[in-house]
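Peer 1: Have a look at the structure that comes next, please.
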Amino acid sequence: MSFFKRLKDKLVGNPTEEEKVVAMNEEEATEQEQDDVTVPAQIEKVEEVSVTESPIETEIPGTIEDQEQQEVAIVEEPEVEKKPSAWSITQKFKAGLEKTRNSFTSKVNDLVARYRKVDEDFFEELEDLLLQADVGFETVMELMDKLRFEVQRKNIKDTNGIQAIISEKLVEIYEQGEEDLIELNMQPKDELTVILFVGVNGVGKTTTIGKLAHRLKSQGKTVVLAAGDTFRAGAIDQLQVWGDRVGCEVIKQSEGSDPAAVMYDAIRAAKNRKADVLICDTAGRLQNKVNLMNELEKVHRVISREVPNAPHEVLLALDATTGQNALVQAQTFKEATNVTGIVLTKLDGTAKGGIVLAIRNKLHIPVKFVGLGEQMDDLQPFDAERYVYGLFADGLDKELQNNED
Ligand SMILES: Nc1nc2c(ncn2[C@@H]2O[C@H](COP(=O)(O)OP(=O)(O)OP(=O)(O)O)[C@@H](O)[C@H]2O)c(=O)[nH]1
Ligand SMILES: [Mg+2]
Numbered sequence: 061m062s063f064f065k066r067l068k069d070k071l072v073g074n075p076t077e078e079e080k081v082v083a084m085n086e087e088e089a090t091e092q093e094q095d096d097v098t099v100p101a102q103i104e105k106v107e108e109v110s111v112t113e114s115p116i117e118t119e120i121p122g123t124i125e126d127q128e129q130q131e132v133a134i135v136e137e138p139e140v141e142k143k144p145s146a147w148s149i150t151q152k153f154k155a156g157l158e159k160t161r162n163s164f165t166s167k168v169n170d171l172v173a174r175y176r177k178v179d180e181d182f183f184e185e186l187e188d189l190l191l192q193a194d195v196g197f198e199t200v201m202e203l204m205d206k207l208r209f210e211v212q213r214k215n216i217k218d219t220n221g222i223q224a225i226i227s228e229k230l231v232e233i234y235e236q237g238e239e240d241l242i243e244l245n246m247q248p249k250d251e252l253t254v255i256l257f258v259g260v261n262g263v264g265k266t267t268t269i270g271k272l273a274h275r276l277k278s279q280g281k282t283v284v285l286a287a288g289d290t291f292r293a294g295a296i297d298q299l300q301v302w303g304d305r306v307g308c309e310v311i312k313q314s315e316g317s318d319p320a321a322v323m324y325d326a327i328r329a330a331k332n333r334k335a336d337v338l339i340c341d342t343a344g345r346l347q348n349k350v351n352l353m354n355e356l357e358k359v360h361r362v363i364s365r366e367v368p369n370a371p372h373e374v375l376l377a378l379d380a381t382t383g384q385n386a387l388v389q390a391q392t393f394k395e396a397t398n399v400t401g402i403v404l405t406k407l408d409g410t411a412k413g414g415i416v417l418a419i420r421n422k423l424h425i426p427v428k429f430v431g432l433g434e435q436m437d438d439l440q441p442f443d444a445e446r447y448v449y450g451l452f453a454d455g456l457d458k459e460l461q462n463n464e465d
């Protein structure tokens, strides 16, 4: 099967007529929320959209109310599995990667227009652009080798369509091997799965816990949250707000208490309630790094003593907007705990979304989820095809149309 056929199947899926209507309604709702964005339901109709204001920088009046209404609706029907259509998930990646696309892809387009012919100078400039987008040195080198080889093999002379080849090769690089690790390591039915979140302060741990709890709840799971950040004032309340919003019980003690004791309580409570998943929040800031790492070790120890083989996931939250610094943080945490996956938050807030590829290549820890915005359903499992589509949406729309079967 050709790359584009595969890509199209993945991005658009095979929606039933009913799903198409649902997708269109969802997209209309999004349009109303975002006001200035047009999101057509059919790939053939995708047009260039106007620049959306970033949710980080702007508060749209009414958004909070709208959000609350949506949340109430979700809390009322927790048992119903609302499976979003493939295309609506694709659109989330497209929206979340808008900053990167506007910065990186417009430069690539500019390059293509200036060069027309593929030659060594073109490759060198492209290499620079990829490095600027934080893709990471090794990945860029690997990609450039693949591109040169492909261009030679297919005897490609002009730069038209080079975005499509870059997309294909990026997916190829990302998908080498570790695909299966993206799924969360969930325990069989009737057994408790424990997920521990770690990361420095402000990266988005607590917010991501809320979003993940919402995600798991909408899959019909019972989720309990453990307020393990007893250090920062307000952290416990923040988790409680998420618990109320999503409809999950939050196990907590007073500020300043021992986080390991909170975990102990939370595990007992989760077992008593026959919960499917316990998600544990932790502090991102302590007096010093040694304290932070010691605390994590202790928390880890208590969890694994109470539940065999737990924690089943240790998810490290990294803030995509911190660029290469995120890689340094990851190294530190990797040394202190057995990190099983990364959640890359705030991908929507950076123009250097290439960091996903650098993390994968440098750390060999799978990026399990990406944060594409601040709404409850803006946490998505990482998906190389959708990510690449987010980078090159406009160029790829044309290719996908040309490859109609
Ligand atoms: N735009 C955007 N903002 C996000 C995302 N994830 C988290 N945030 C925001 O990042 C800020 C910090 O998030 P928190 O969840 O409080 O971070 P934390 O890691 O728990 O921080 P500490 O509790 O201080 O350790 C909040 O304003 C979130 O709304 C995301 O994917 N996109
Ligand atoms: Mg927090």
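Residue numbers for the sequence shown follow my numbering, beginning at 61 and rising by one.
Every residue, glycine too, gets a C-beta built ideally from N, C-alpha and C.
Note that the structure is a prediction, hence the values are computed from the model and not measured.
1. Do you know how far the Cα of Asn-369 is from the Cα of Asp-408?
2. Alpha helix (DSSP H) containing Thr-267: first to last residue?
3. List the whole-angstrom C-beta distance separating Gly-270 from Val-306, where the pair is believed to meet the contact cut-off of C-beta under 8 Å.
4. Grouping DSSP H, G and I as helix and E and B as strand, with all else coil, what is Val-109?
5. Among Ala-411, Gly-288, Leu-299, Lys-331, which residue has its Cα nearest to the Cα of Lys-358?
6. Closer than 7 Å by C-beta to Thr-165: which residues in its own chain qualify, once you throw out the five before and the five after it? Chain order, please.
7. Does the separation of the CB atoms of Glu-202 and Ile-225 fall below 7 Å?
8. Based on the DSSP secondary-structure assignment, which residues constitute the bridge partners of Pro-441?
9. In whole angstroms, what separates the C-alpha of Trp-489 from that of Asn-351?
10. Asp-379 lies in the beta strand (DSSP E); which residues open and close that run?
11. How many Å lie between Gly-156 and Ile-216 at the Cα?
12. Within 10 angstroms of the Cβ of Ile-180, are there 16 or more other Cβ atoms? Answer buried if so, exposed if not.
13. Give me the Cβ distance between Lys-152 and Gln-391, rounded to the nearest whole Å; I'm assuming they're in contact under 8 Å.
14. Just checking, does the stretch 407 to 422 make contact with the stretch 180 to 195 on the three C-beta pairs under 8 Å criterion?
15. I need the DSSP call for Leu-157, collapsed to helix, strand or coil.
16. With a threshold of 16 other CB atoms inside 10 Å of the CB of Val-388, please say whether the residue is buried or exposed.
17. Give me the DSSP bridge partner(s) of Leu-338.
18. Could you tell me the alpha carbon to alpha carbon distance between Asn-220 and Asn-462, rounded to whole angstroms?
19. DSSP state of Leu-404, grouped into three classes?
20. Going by DSSP in three states, Asp-454 sits in which element: helix, strand or coil?
21. Is it the case that the CB of Lys-477 approaches a heavy atom of ligand 2 more closely than 6 Å?
22. Counting by C-beta, which residues lie closer than 7 Å to a heavy atom of ligand 2, in chain order?
23. Enumerate in chain order the residues of its own chain whose CB-to-CB distance from Leu-190 is below 6 Å, with the five nearest sequence positions on each side excluded.
24. Which class does Ile-434 belong to by DSSP, given the choice of helix, strand or coil?
25. Return the chain-ordered list of same chain residues with a C-beta closer than 6 Å to the C-beta of Lys-70, the five sequence neighbours on each side being excluded.
26. Check each candidate in Asn-354, Gln-279, Phe-393, Asp-341 and name the one with the smallest Cα separation from Pro-144.
27. Whether or not the stretch 371 to 390 and the stretch 400 to 414 are in contact is what I'm after, with contact meaning three or more pairs of Cβ atoms, one per stretch, closer than 8 Å; do they touch?
28. If you drop the 5 nearest sequence neighbours on each side, which residues of the same chain put their C-beta closer than 6 Å to that of Leu-230?
29. Going by alpha carbons, who is nearest to Asn-385 out of Met-353, His-360, Asp-325, Val-263?
30. Within the present structure, is the beta-carbon of Glu-434 separated from the nearest heavy atom of ligand 1 by less than 6 Å?
31. Buried or exposed for Asp-371, going by 16 or more other Cβ atoms inside 10 Å?
32. Answer with buried or exposed for Gly-413, where buried requires no fewer than 16 other C-beta atoms within 10 angstroms of its C-beta.
33. For ligand 1, is there any heavy atom lying closer than 6 Å to the beta carbon of Lys-312?
34. For Asn-245 and Asp-218, I'd like the C-alpha separation in whole angstroms.
35. Run through the stretch 178 to 222 for me and flag every whole beta strand (DSSP E) of 3 or more residues, listed as ranges in chain order.
36. On a CA-only basis, which of Lys-349, Ile-149, Ala-411, Pro-426 is nearest Phe-393? Give me that one, please.
Peer 2: Checking against the coordinates, here is how it stands:
1. 34 Å
2. 265 to 278
3. 6 Å
4. Note that Val-109 has pLDDT 36, beneath the 50 cutoff, so the model's placement of it is unreliable and the number below is only indicative. Coil, per DSSP.
5. Gly-288
6. Leu-451, Phe-452
7. no
8. Phe-429
9. Absent from the model: residue 489. The displayed extent of the chain is 61 to 465, so no value can be given.
10. 373 to 379
11. 32 Å
12. Before going on, a small fix: residue 180 reads as Glu here, not Ile. The residue is exposed, with fewer than 16 neighbouring Cβ atoms inside 10 Å.
13. Incorrect: roughly 30 Å between the Cβ atoms, too far for contact.
14. yes
15. coil
16. exposed
17. Val-254, Val-284
18. 14 Å
19. strand
20. helix
21. Because residue 477 is not part of the residues shown, which for the chain are 61 to 465, the question remains open.
22. Lys-265, Thr-266, Asp-289, Arg-292, Ala-295, Gln-298, Asp-341, Gly-344
23. Val-200
24. Residue identity check: residue 434 is Glu in the sequence provided, not Ile. Note: Glu-434 maps to coil in three-state DSSP.
25. Glu-445
26. Gln-279
27. yes
28. Val-448
29. Val-263
30. yes
31. It is Pro, not Asp, that sits at residue 371 in the sequence shown. Classification for Pro-371: buried.
32. buried
33. no
34. 46 Å
35. none
36. Lys-349
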